[in-house]
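Data first, discussion second: the structure below is written as structure tokens.
Right under this line is the structure:
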């Protein structure tokens, strides 16, 4: 039998700490901001589709709310 010489794997690099951006007004992460506009947008998109004119208005309203919270939303 041959000699098996293996070196232990080096430890993984330390995990980068990612700071979650929080909203200015509420101090919440983006997923928890603007719950009213988020719910209306989601319901509209599910039942009518993203291209529906009413849904497009709700999508824009939600984006505006998120921008007011300090998030960079395109």
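Residue numbers (full-length UniProt numbering): 1 to 74.
Even for Gly, the Cβ is constructed at its ideal location relative to N, Cα and C.
Could you round the C-beta distance between residue i and residue j to whole angstroms and report it? I think they count as a contact, below 8 Å.
i          : j          : result
residue 66 : residue 33 : 6 Å
residue 62 : residue 25 : Actually they are not in contact, since the Cβ atoms of residue 62 and residue 25 sit about 15 Å apart, beyond 8 Å.
When burial is assigned at 16 or more other CB atoms within 10 Å of the CB, is residue i buried or exposed?
i          : result
residue 51 : exposed
residue 48 : exposed
residue 69 : buried
Could you spell out where the alpha helix (DSSP H) holding residue i opens and where it closes?
i          : result
residue 37 : 35 to 48
residue 59 : 53 to 68
Answer yes or no: do residue i and residue j have a C-beta to C-beta separation smaller than 8 Å?
i          : j          : result
residue 21 : residue 71 : yes
residue 44 : residue 36 : no
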